[in-house]
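One structure below.
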Amino acid sequence: MNVFAATGRGTLAVVREVGRIAQFAARGAVGWAAGPFYWRAFLNALMRIGFNSLPVIGLTAIFTGAALALNIYEGGARFNAETFLPQILGVSIVRELGPVLAALMVSGRSASAMAAELGAMRVSDQIDAMSTLAVDPFKYLVSPRMLAATIALPVLVLVADIIGVYGGYLVAVHALDFSGTVFIRNLWEFLTNDDIVSGLIKAAVFGFLLSAMGCYYGYNSRGGAQGVGAATRSAVVGSAVLILAANYLLTSLFIRV
Amino acid sequence: MPGDTPKISIRGLEKAFNGKPVLRGLDLDLAPGRSLVVIGMSGTGKSVLLKCVLGVIQPDRGRIAIDGVDIVRLSESRRARMTRQIGMLFQGAALFDSLKVWENVAFRLIYGERRPRREARQTAVDCLAQVGLAPEVGELSPAELSGGMQKRVALARAIAAEPSILFFDEPTTGLDPITADVINSLISDRTRALGATAISITHDLVSARKIADEIAMLHQGQIIWRGPASEIMNTGNPMVDQFVHGRADGPIHMTMRRA
Ligand SMILES: Nc1ncnc2c1ncn2[C@@H]1O[C@H](COP(=O)(O)OP(=O)(O)OP(=O)(O)O)[C@@H](O)[C@H]1O
Ligand SMILES: [Mg+2]
């Protein structure tokens, strides 16, 4: 009825939700320091978030690198800059595409899985059951997953960087008549540590965010299979948006310093 | 004097979901070492009552004291310390499906009390044997078990850590009469052996009389009758009478339309 009241209510609801998510994420991180720490749960999560994501990360990276090489060559040729392909490719992948694409893929794979798994545990009373067994479900279920994702993402991104550049290399050498040694030398001399480190910092932040979203929506899901479905959807959509927004924020931060 | 303090004491407990009251000022005291069975129609809030005491549902109003300490107003971590002494069998078993059966039973020992896995596993196998399950069952995942077997595993998990308070939410629903009797014997044996205080929920009056010292009936959010288990068949209370004889006609009307 009243547009202003409705807008205000909507805004308040969003602010409240953001506050709850932030509080949840902080509590997850506190769990890393304040024991007990559940190694088995952590290694399990590390295996599923990290190791099992390698194939999809590799495929994403190699095709993206290859396509990117073609585009840079084509665009660069318009003002005779095609020889800069290795440098431009390297910077784009290491600073931007590696972290963002890897995080989006892991969010589709793992944030959804976390939301579905914790959601199913919530609606079948397993989370309540855990607290009656003298184990804080937050510390057993949430903190290890968040730590695993925060650690795994930089490693995955490093792999994505290497494979992505390799995809570009294959196209440059086999389709565009670049010399392999020149390609690698140009790339190596051009890329700085800051390029690589900024990408890895982004990756850690994205890992933290996507796991916080996956766990938050799963842990707080309500109302049976439908609730779990909604939790999974919110986790994937929410973490994707958050990753892209955080990416812009971090990029502008890194460029300024 | 500690002997006079009830193990569990509930006063004026109220809980509503989305404006629909479920518990309406419920009072209940239970002395240490006593076994109480709560009966009542489906959907009257028996499970909610247990979950309030466990601290997994926050009541709207009222007081719940364990050993004289009100847990409703405690901080989450201090409440968790108080409710640690409660072992609970959930109505839907609530086994962790990512873990093997024996790890479920040993969960509290391994992760809650940090005992060595080998030792915890031995305890788990012993507990499984007590509920009539072979050691091989321990290697299966919960999803590979029948509903009745899941119930028995959940029971083994609840008693594995020898808690001083035990809650059983419909422990024998879905079991055949023979297994149900084994479980009932187990419940009364274990509660007695542990000297535990127990609250059980069941719709099965044979079970109720077997495991209870006392029976209480929950109706419309309050305890409307409470007495020794032996008196349940002739209480003179028309509502209890209707319930125990399973009659559709009587003072209790089932609401068929949407509330
Ligand atoms: N988490 C919840 N959210 C909303 N409503 C709930 C929730 N838990 C229970 N209720 C409502 O509370 C009422 C009592 O539920 P409860 O599970 O305690 O019933 P019960 O007495 O255990 O029944 P049964 O014998 O069928 O297990 C029901 O009407 C149910 O709809
Ligand atoms: Mg119930």
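Chains as they are written, first to last, in the UniProt record's numbering: chain F, 1 to 257; chain S, 1 to 259. Glycine included, C-beta positions come from ideal geometry on N, C-alpha and C.
*Would you say Met-88 of chain S reaches chain F, if we count a Cβ-Cβ gap shorter than 8 Å as a contact?*
yes
_To be precise: take each residue of the stretch 129-156 of chain F, compare its Cβ to all Cβ atoms of chain B, and keep it if any distance is under 8 Å. Which residues remain?_
Absent from the structure: chain B. Protein chains present are F and S.
*Since Gly-164 of chain F and Ile-49 of chain F are thought to touch, with beta carbons under 8 Å apart, how far apart are those beta carbons, to the nearest angstrom?*
Actually they are not in contact, since the Cβ atoms of Gly-164 of chain F and Ile-49 of chain F sit about 20 Å apart, beyond 8 Å.
*May I ask you to report which of helix, strand or coil DSSP gives Glu-82 of chain F?*
helix
*Is it buried or exposed for Met-121 of chain F, if we count other Cβ within 10 angstroms and need 16 for buried?*
Residue burial is scored here from C-beta neighbours: Met-121 of chain F has at least 16 other C-beta atoms within 10 angstroms and is therefore classed as buried.
*Report the residues of the stretch 99-129 of chain F with a CB closer than 9 Å to any CB of chain S, ordered along the chain.*
Glu-117, Ala-120, Met-121, Ser-124, Asp-125, Gln-126, Ile-127, Asp-128, Ala-129
*Of the residues that make up the stretch 64-75 of chain F, which ones have a beta carbon closer than 8 Å to any beta carbon in chain S?*
none
*For ligand 1, enumerate in chain order all residues having a CB closer than 5 Å to any of its heavy atoms.*
S:Phe-17, S:Val-22, S:Ser-42, S:Gly-43, S:Thr-44, S:Gly-45, S:Lys-46, S:Ser-47, S:Val-48
*asked:* Give me, in chain order, the residues of the same chain whose beta-carbon lies closer than 6 Å to that of Ala-160 of chain F; leave out the 5 immediate sequence neighbours on both sides.
replied: Ile-57, Ala-61, Gly-98, Ala-102
*Mind the definition here: the stretch 102-112 of chain F touches the stretch 169-183 of chain F only if three or more C-beta pairs lie below 8 Å; say whether that holds.*
no
*At which residues does the beta strand (DSSP E) containing Lys-15 of chain S begin and terminate?*
In the DSSP annotation of this structure, the continuous segment of the beta strand (DSSP E) that includes Lys-15 of chain S starts and ends at 8-17.
*Tell me the start and end of each unbroken alpha helix (DSSP H) in the stretch 64-124 of chain S that is at least 4 residues and wholly inside, in chain order.*
76-83, 101-105
*Which residues share a DSSP beta bridge with Pro-228 of chain S?*
Partner(s): S:Glu-214.
*I think Leu-68 of chain F touches Ala-172 of chain F, with their Cβ atoms under 8 Å apart; what is that distance to the nearest whole Å?*
Wrong, their Cβ atoms sit about 10 Å apart, outside the cutoff.
*Buried or exposed: where does Pro-59 of chain S fall if 16 or more other Cβ atoms within 10 Å of its Cβ makes it buried?*
buried
*Which of helix, strand or coil does DSSP assign to Asp-27 of chain S?*
strand
*How do the stretch 169-184 of chain S and the stretch 7-15 of chain S stand: do at least 3 beta-carbon pairs fall below 8 Å, yes or no?*
Counting Cβ pairs under 8 Å, fewer than three are found: no touch.
*Is there at least one non-hydrogen atom of ligand 2 closer than 7 Å to the beta-carbon of Asp-169 of chain S?*
Under cutoff, so the answer is yes.
_Nearest-angstrom Cα separation, counted from Phe-243 of chain S out to Gly-31 of chain F_ = 49 Å
*Tell me whether residue 261 of chain S is buried or exposed, calling it buried when 16 or more other Cβ atoms sit within 10 Å of its Cβ.*
One cannot answer for residue 261 of chain S here, as it falls past the ends of chain S, which runs 1 to 259.
*Run the CB neighbour count on Trp-225 of chain S, radius 10 Å, all protein chains shown included, and call it buried at 16 or more, exposed below.*
buried
*Return yes when the Cβ of Ser-143 of chain F is within less than 8 Å of the Cβ of Pro-137 of chain F, no when it is not.*
Between Pro-137 of chain F and Ser-143 of chain F, the C-beta spacing is not below 8 Å.
*Candidates F:Phe-208, F:Ala-115, F:Ala-45, of which the one nearest Arg-27 of chain F by Cα*: F:Phe-208
*Quick one: which unbroken alpha helix (DSSP H) runs of 4-plus residues sit fully inside the stretch 145-228 of chain S? Chain order, please.*
147-160, 177-194, 205-211
*Identify the contact partners of Arg-108 of chain S in chain F, using a Cβ-Cβ distance below 9 Å as the criterion.*
Thr-132, Leu-133, Ala-134, Val-135
*How many angstroms separate the CA atom of residue 263 of chain S from the CA atom of Thr-83 of chain S?*
This structure cannot settle anything about residue 263 of chain S, because the visible part of chain S is limited to 1 through 259.
_Leu-36 of chain S, DSSP secondary structure in three states_ = Judged by DSSP in its simplified three-state form, Leu-36 of chain S adopts strand.
_Checking the sheet assignment: what are the DSSP bridge partners for Lys-20 of chain S?_
S:Phe-17
*Note down, in chain order, each residue of its chain lying with its Cβ closer than 7 Å to the Cβ of Ile-211 of chain S, except the 5 sequence neighbours on either side.*
For Ile-211 of chain S, where only same-chain residues beyond five positions count, the Cβ hits under 7 Å are Ser-35, Val-37, Asn-184, Ile-187, Ser-188, Ser-200.
_Between Lys-113 of chain S and chain F, is the shortest Cβ-Cβ distance under 8 Å, so that the two count as touching?_
Going by the sequence as given, residue 113 of chain S is Glu instead of Lys. At least one chain F Cβ lies under 8 Å of Glu-113 of chain S.
*Go through its chain and collect everything with a Cβ distance to Ile-21 of chain F's Cβ below 6 Å, but skip five positions before and after it.*
Tyr-216
*At 7 Å on the CB atoms, spell out the chain F contacts of Phe-96 of chain S, in chain order.*
Gln-126
*Could one say the Cβ of Tyr-169 of chain F lies closer than 8 Å to chain S's Cβ atoms, at least one of them?*
no
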